[in-house]
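J.:
2 protein chains.
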Amino acid sequence: MKMTLARILNAQSVAVIGASRQETKRGYQAVRTLVEEKFEGPIYPVNPKEKTVFGLPCYESIHAIDGPVDLALVVTPAATIPSILEQCGRKGVAGAVVIAAGFGETGDSGRSLEAQMVDVARRHGLRIVGPNTNGLINVHSGLNLVGFRQPPKGNIALLSQSGNMALSLFTEAQVKSRKGFSCYVGVGNEADIRFHEYLEYFRDDPRTSAILIYVEGMRDGRAFLQQAYQTSRTKPIVLLKSGRSVTGRRSVGSHTGALAGISEVAITAFRRAGITVVENSDELFPAIETLSSLPVVRNNRVALLADGGGHATITSDLLSEAGLQLPELHEKTQAKLREILPDTASVRNPVDVAGGADANPVVLAECARIILQDHQVDGLLLVGLFGGYSLRFSPSLAFAEEDAAHRMGKLVRETNKPIVCHSLYDYARPHALDLLRYYDIPVFDSLEIASQAMVLLAEYGEYLQSYQAQTSFELQPGSKAKKRGEEILARARRDGRRALLEVEARELCELHKIPLVTAELVHSEDEAVAAAAAHGEQGSVLKVVSRDILHKSDAGCVKLNLKTEDEVRAAYRSIQDSARAYRPDVTIDGMLVSPMLKGIVEVIVGTKIDDQFGPVIMFGIGGVMVEVLRDVSYRVLPISARSAKQMIDEIRSVKLLNGFRGEPAADKKAVQKLLLAVASLVESYPQIAEMDLNPVLLHEEGCTVVDVRILLGEGNGNHHNGNHHNDNHHNHNHHD
Amino acid sequence: MKMTLARILNAQSVAVIGASRQETKRGYQAVRTLVEEKFEGPIYPVNPKEKTVFGLPCYESIHAIDGPVDLALVVTPAATIPSILEQCGRKGVAGAVVIAAGFGETGDSGRSLEAQMVDVARRHGLRIVGPNTNGLINVHSGLNLVGFRQPPKGNIALLSQSGNMALSLFTEAQVKSRKGFSCYVGVGNEADIRFHEYLEYFRDDPRTSAILIYVEGMRDGRAFLQQAYQTSRTKPIVLLKSGRSVTGRRSVGSHTGALAGISEVAITAFRRAGITVVENSDELFPAIETLSSLPVVRNNRVALLADGGGHATITSDLLSEAGLQLPELHEKTQAKLREILPDTASVRNPVDVAGGADANPVVLAECARIILQDHQVDGLLLVGLFGGYSLRFSPSLAFAEEDAAHRMGKLVRETNKPIVCHSLYDYARPHALDLLRYYDIPVFDSLEIASQAMVLLAEYGEYLQSYQAQTSFELQPGSKAKKRGEEILARARRDGRRALLEVEARELCELHKIPLVTAELVHSEDEAVAAAAAHGEQGSVLKVVSRDILHKSDAGCVKLNLKTEDEVRAAYRSIQDSARAYRPDVTIDGMLVSPMLKGIVEVIVGTKIDDQFGPVIMFGIGGVMVEVLRDVSYRVLPISARSAKQMIDEIRSVKLLNGFRGEPAADKKAVQKLLLAVASLVESYPQIAEMDLNPVLLHEEGCTVVDVRILLGEGNGNHHNGNHHNDNHHNHNHHD
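Chains D and H supply the protein sequences, listed in that same order.
Each residue of the first sequence is one higher than the one before, starting from 2 at the first, in the working numbering.
Each residue of the second sequence is one higher than the one before, starting from 2 at the first, in the working numbering.
1) Can you give the Cα-Cα distance for D/Thr-316 and H/Thr-134, rounded to whole angstroms?
2) Does the count of Cβ pairs from the stretch 459–468 of chain D and the stretch 427–438 of chain D closer than 8 Å reach three?
3) Listed in chain order, which residues of the stretch 300–312 of chain H have Cβ atoms closer than 9 Å to some Cβ of chain D?
4) Against chain D, which members of the stretch 647–666 of chain H pass a CB distance test of less than 8 Å?
5) Count the CB pairs spanning the stretch 298–308 of chain D and the stretch 376–391 of chain D that are closer than 8 Å, and state whether there are at least three.
6) What runs of the alpha helix (DSSP H), each 4 residues or longer, lie entirely inside the stretch 661–718 of chain H?
7) Express the C-alpha separation of D/Leu-522 and D/Lys-564 in angstroms, rounding to a whole number.
8) What three-state label does DSSP hand D/Lys-609 in the structure shown?
9) Is it buried or exposed for D/Ser-113, if we count other Cβ within 10 angstroms and need 16 for buried?
10) Counting C-beta neighbours from all protein chains within 10 Å, is the total for H/Pro-69 16 or more, i.e. buried, or is it exposed?
11) Report the neighbours of D/Gly-385 on chain H: residues whose CB is nearer than 8 Å to its CB, in chain order.
12) Suppose the cutoff is 7 Å on Cβ atoms and the five residues either side in sequence are ignored; what does the same chain contact list for D/Ser-547 look like?
13) Please confirm if the stretch 334–343 of chain H is in contact with the stretch 361–379 of chain H, defined as three or more CB-CB distances below 8 Å between the two stretches.
14) Determine the chain H residues that contact D/Asn-281 at a beta-carbon separation under 8 Å, and present them in chain order.
15) Can you say whether D/Lys-439 is buried or exposed, counting buried as having 16 or more other CB atoms within 10 angstroms of its CB?
16) Only counting the same chain, and skipping five residues up and downstream in sequence, which positions put a Cβ closer than 8 Å to that of H/Thr-77?
17) With DSSP as the reference, label H/Phe-40 as helix, strand or coil.
18) Hey, does H/Leu-425 have any beta-carbon neighbour from chain D nearer than 9 Å?
19) Could you check whether H/Leu-226 and H/Ala-274 sit closer than 9 Å to each other, using their CB atoms as the reference points?
20) Strictly below 7 Å CB to CB, what residues from chain D border H/Thr-345?
21) Taking the DSSP output, what are the residues bridged to D/Ile-85?
22) So with CB distances below 7 Å, who are the chain H contacts of D/Ile-315?
23) Determine, using beta carbons only, whether D/Leu-213 and D/Ile-194 come nearer to each other than 9 Å.
24) What does the alpha-carbon distance come out to for the pair D/Phe-203 and D/Ile-289?
25) Residues of chain D with CB under 7 Å from H/Glu-402, in chain order?
26) Is H/Glu-701 buried or exposed, if buried means 16 or more other CB atoms sit within 10 Å of its CB?
27) Looking only at DSSP bridge pairs, what is D/Lys-177 linked to?
28) Do we get a CB-CB distance below 9 Å when we pair H/Val-633 with the residues of chain D?
29) Which residues in the same chain have their Cβ closer than 6 Å to the Cβ of D/Lys-573, if we skip the five residues on either side of it in sequence?
30) Helix, strand or coil for H/Asn-11, going by three-state DSSP, please let me know.
31) Would you check if the distance between the CB atom of H/Ala-690 and the CB atom of H/Leu-713 is smaller than 9 Å?
32) What's the C-alpha gap between H/Gln-13 and H/Gly-42?
33) State the start and end residues of the unbroken beta strand (DSSP E) segment that holds H/Phe-182.
34) Going along the chain, which unbroken runs of the beta strand (DSSP E) with 3 or more residues stay wholly within the stretch 570–644 of chain D?
35) Would you give the residue range spanned by the alpha helix (DSSP H) that D/Arg-507 belongs to?
36) Considering only the alpha carbon of each residue, which of H/Phe-661, H/Ser-644, H/Arg-272, H/Leu-699 lies closest to H/Glu-460?
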């Protein structure tokens with residue numbers, strides 16, 4: 002498969018099917034571009050009606066070509082594609098780039114055409130780029146199937162689901178940087194080749210050292226995560242995911258046909274795979290420019306060097322709010338700075354030279370050296386006027402600025418600490434700023450973007466530092482399944498029940514060491530009284546066991562806080578009455594008697610199936626707050642112990658677990674263990690669509706699951722491939 | 002006062018005190034700039050050691066000048082300032098611009114020097130700009146006291162607490178727009194002239210039609226709000242507030258000496274005064290450019306016109322997430338678009354012409370016309386490639402693009418609906434984009450900034466539409482005070498108590514119609530039992546009344562849920578014991594017996610004194626959540642009924658009040674009334690520093706305040722002027 006991708010992206014010969022003599026047609030422009038961009042191999046225009054196109058001999062069909070053809074660019078309409086791919090397949094073409102729209106993005110008939118096309122390709126071992134793409138470019142070989150001329154050459158691979166975003170990025174690279182691209186692929190509908198396959202190719206491509214992705218929706222999120230995880234440690238990956246809003250998805254639907262609908266899940270999952278996710282299209286190119294150029298920031302600590310207060314204040318806010326530390330500089334560092342700066346300067350961090358470089362901008366490079374020699378500092382953001390001292394004061398200062406640029410460039414190499422530069426004067430294209438870029442120091446005219454670049458260097462640095470070799474996004478269904486567990490699920494399936502009975506769900510949990518509240522199954526009032534007596538002052542909870550009643554609380558079939566025999570009896574009868582009122586022919590399989598427990602705090606744990614990523618696990622504070630404030634964390638399965646810990650710590654209300662207002666601290670280790678147990682259970686039984694532990698009571702030692710609900714998938718087997726639309730919401734009733 | 006400001010900002014004559022012949026000195030540069038910028042009036046260099054400066058005769062002292070002097074630019078060191086201002090005052094100078102740093106921003110000695118300087122000025126009726134400023138500019142008269150040459154001329158007034166931010170904004174205006182400035186003032190430390198005074202001047206300045214503010218901290222927030230409110234309806238005000246983070250404030254402290262510490266209060270208060278607050282320095286100039294150029298968006302509804310999917314998707318996300326509506330277009334509109342666009346185009350909104358303008362960019366202007374004629378649409382954002390069709394396809398398309406620009410420009414005037422443009426090709430400076438700017442259509446190369454411009458037009462539109470003539474930020478202390486209320490507060494003051502006794506606080510509340518839970522003051526166990534009996538099954542609450550115990554819960558002096566006589570007696574004794582344990586010589590003034598009430602939901606209402614804005618009121622959900630998640634809303638006093646309603650609706654957990662999960666809806670009108678009553682009470686008695694109603698129970702009808710705590714200010718009177726550092730946190734113990 003990788004071999005095929007190499008034959009596509011490094012094609013040695015190209016056929017243009019649908020080549021044309023009309024200059025406004027894609028079939029003409031494609032041939033012209035290949036010729037003008039000096040594609041190294043033979044170009045074969047194919048069109049039965051033409052003799053030549055752009056001076057090249059034109060072939061009647063792909064079969065008429067003598068030599069081998071690696072790649073076919075197909076610019077004919079959607080309806081013709083299956084038969085054309087059939088011909089390409091017979092010819093032994095490795096890949097076809099299908100430009101036409103009118104497939105999966107247009108509805109049922111388009112989807113069926115897409116399936117037909119893929120079917121033909123599979124039969125011949127032919128791979129498809131697109132459809133609904135503007136093509137691909139190998140910048141180094143001149144294999145340019147896109148209108149854009151002379152894209153800047155470099156080491157960034159670009160995967161995009163939007164042609165005009167690709168155009169934007171090419172333009173931005175050309176106008177604002179010295180960086181360029183190794184390859185571009187317009188991924189289109191992903192009918193055949195998926196994001197993760199391109200990623201795998203670029204991981205091994207020696208001409209690519211960083212990967213930039215614009216995605217609106219992807220078809221195989223899990224495989225992508227796995228591949229990204231294996232790539233991002235050596236080659237930074239930057240991704241912008243759009244199509245978050247309803248209107249955004251309307252737009253996506255109308256032009257890529259992708260399954261959109263980003264979830265909170267996606268962002269966390271991408272980050273866990275080492276991907277740098279940006280939320281702002283302005284930051285996309287700056288992010289890859291920075292990450293592909295500079296050493297990372299270690300330990301999250303940076304310094305700020307400014308000339309004037311406003312820039313320093315704004316940038317301090319930005320860096321701090323993003324979580325970076327701006328440590329005060331060591332007193333020796335401060336003393337050294339004092340020596341070369343005027344009294345009005347501030348030397349703590351942010352360092353404000355306060356005009357101290359006006360007469361000699363080399364002072365800035367000296368400050369940079371002093372600051373980066375401080376062991377407390379792992380990166381430097383230079384903001385303000387650098388590059389413009391010659392414009393502001395005297396043209397002769399340009400030489401000093403160039404000197405400073407050389408010094409700073411070398412400083413990055415010596416210290417292996419990054420410098421990022423903001424300059425108000427970038428618009429004037431001073432040579433000193435070009436020099437910084439020559440040394441791979443990016444220069445931005447926006448304080449926000451420059452700060453964000455620093456933040457991303459720190460985040461990527463943190464990722465690399467905490468990189469865990471054992472992370473995996475591959476599921477191992479069945480790995481820890483138990484025979485008895487499979488039996489329970491099979492029985493429910495046989496009975497046509499999607500919901501397990503509470504006793505079944507409890508048994509499954511016990512098999513997997515999930516700590517449940519004790520519950521005695523009783524079948525009479527007297528048995529209930531006897532069971533409740535054991536709990537004494539603590540009180541008891543009584544609830545129905547019935548396959549006919551899913552939401553027990555709503556049906557009036559849960560009674561709390563029962564302390565006396567009378568209360569237990571009354572509750573028993575009341576539940577029976579409620580159950581019959583709920584459904585006259587109800588089958589009552591008994592009642593469960595549990596102690597009435599209290600915890601320091603209540604939490605919930607749940608799992609569901611995400612369209613793009615398969616099974617995910619959720620953690621949140623219990624009670625109404627989880628619904629009102631959505632203060633929850635998510636992870637794609639499987640999870641590591643570290644992920645489980647992070648899930649707990651990243652909810653805003655984690656304070657409630659840490660010993661809040663005189664309460665003892667809750668046992669977070671126990672919660673972590675619970676998350677791992679639930680994740681492993683759901684991974685082991687792919688039949689499970691949804692699991693809901695609510696509430697879970699946390700104690701000083703341990704935790705107790707009070708109620709558990711398990712739903713099976715609608716199909717008859719493995720839902721982990723996704724594609725289920727599961728609209729069930731978690732129900733957060735207590736003791737439900 | 003306004004007359005004086007006019008004499009400063011429109012000075013007809015300027016003295017430069019500290020003028021110099023040395024070219025690197027400020028005293029030389031200032032004279033040179035005035036001459037080169039063609040200042041209209043006489044320029045008087047003052048320096049006893051020089052005969053001429055930059056060819057002008059130099060004066061020994063300001064007294065040696067014959068004619069009147071409106072303005073003195075003082076560039077001498079801090080220590081010399083008081084005596085120089087003394088001389089200026091005697092000469093009858095209207096204002097002095099004090100450049101020197103070394104005043105309030107440097108600590109105690111600086112603060113005392115600043116006070117001395119202000120004192121001198123006050124005696125002579127002389128006003129001070131600064132100190133710690135880089136000067137001011139009247140762009141139209143050539144009164145340029147700043148190094149920056151030929152700032153772009155226009156109708157924007159700029160107030161900035163940072164010289165390099167001013168430099169950034171001048172540069173940005175010059176490089177990226179056709180806009181310019183009427184005036185610039187470096188506000189500096191605000192030792193004398195405050196932000197609101199400049200604002201008042203610009204409100205009436207015929208050459209100013211929009212105001213741009215960069216502020217790090219301001220000295221009289223309330224007066225600023227009042228003035229902004231009176232200005233913003235006719236002249237848009239855009240403000241960037243920085244110094245939010247700890248490090249940011251460290252930076253502020255070191256260079257402006259301003260009271261920083263932005264609070265959540267500030268942002269809401271600014272918005273209520275009609276100010277457009279931006280949080281991103283990249284958006285600052287684009288915001289004022291847009292608001293000073295275009296009609297606002299009415300009704301929050303806009304359309305998006307793109308050429309290609311990616312830009313459309315990203316922009317849809319941005320607009321939707323900011324709360325704008327992108328309504329589907331009327332079917333007639335869609336039909337008209339269909340007529341001129343290819344089949345692959347999307348005509349719903351976002352409209353994606355999908356290459357339909359490649360051959361003729363005028364199609365975009367036609368689309369714009371069709372879209373803006375739709376009554377559902379009140380503004381248009383054009384994103385993508387406009388301005389670049391000639392570059393991409395054929396130079397001759399430039400004429401069509403210019404035609405389209407003329408049409409769109411006229412369209413804005415005809416429909417009075419705004420168009421904002423994003424273009425990938427702005428870097429190439431195509432004439433078509435310059436034409437758009439000529440028609441006051443701003444062009445941005447960032448999707449984020451273009452979208453944000455549209456959002457701000459909608460927000461300002463909404464503000465203007467909902468503008469309320471009765472809004473005021475002026476306090477009326479005493480206006481609704483009652484004699485009995487004053488007596489209560491005076492007694493506490495006489496007794497040296499900062500906290501009112503609960504019975505006093507309750508009486509004050511009752512005077513102002515704040516609905517309290519009933520509470521009977523008892524002095525014996527038997528009285529307590531009798532009082533509790535009245536509450537029957539509901540149960541009672543018993544708490545101590547003692548001037549010695551502020552935090553009653555923490556002292557074990559509150560007992561809840563007492564249902565039987567035995568429980569009441571036991572509670573009574575237990576409280577007595579706890580009180581004595583807490584403080585052996587405790588004075589117990591009795592106990593309060595209240596019914597144990599339940600509400601649909603508990604909320605809290607509080608007031609405190611903000612450093613910059615004086616008294617503010619706070620609303621939030623009760624319980625631990627308010628502390629954990631800080632889900633609260635704030636308003637500066639006084640508040641209107643509308644503000645009170647918004648305070649309730651803007652907390653995230655407002656859902657809990659709206660009939661959540663089968664609960665009845667809570668009486669929000671009653672909460673609104675309560676907020677108004679509390680605000681009016683606190684406004685009326687400026688002695689009150691802090692008031693805390695916690696919890697307040699909400700019912701289906703009405704609400705009940707269960708506990709109230711009132712603290713007096715530390716001084717002996719009116720704290721509403723701010724300047725108190727009040728570090729008391731709200732204490733959210735229930736029944737405390």
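Ideal Cβ positions, reconstructed from N, Cα and C, are used throughout, including at glycine.
T.: So, from the listed chains and residues:
1) 20 Å
2) no
3) Leu-305, Ala-307, Asp-308, Gly-309, Gly-310, Gly-311, His-312
4) Arg-653, Ser-654, Lys-656, Leu-657, Phe-661, Arg-662
5) yes
6) 669–685
7) 18 Å
8) strand
9) exposed
10) exposed
11) Asn-165
12) Ala-580, Val-587, Thr-588, Ile-589, Asp-590
13) yes
14) Glu-449
15) In the sequence as displayed, the identity of residue 439 of chain D is Tyr instead of Lys. Classification for D/Tyr-439: exposed.
16) Ile-18, Gly-19, Ile-85, Ala-101
17) coil
18) yes
19) yes
20) Ala-102
21) Answer by DSSP bridge pairing: none, since D/Ile-85 is not bridged.
22) Ser-243, Ser-282
23) no
24) 15 Å
25) Correct list: empty, because the minimum Cβ distance to chain D is about 17 Å.
26) exposed
27) DSSP lists no partner for D/Lys-177.
28) no
29) As written in the sequence, residue 573 of chain D is Tyr, which differs from the Lys given in the question. Closer than 6 Å at Cβ, skipping near neighbours: Glu-526, Ala-529.
30) coil
31) yes
32) 5 Å
33) 182–187
34) 591–596, 602–611, 615–622, 633–637
35) 503–512
36) H/Arg-272
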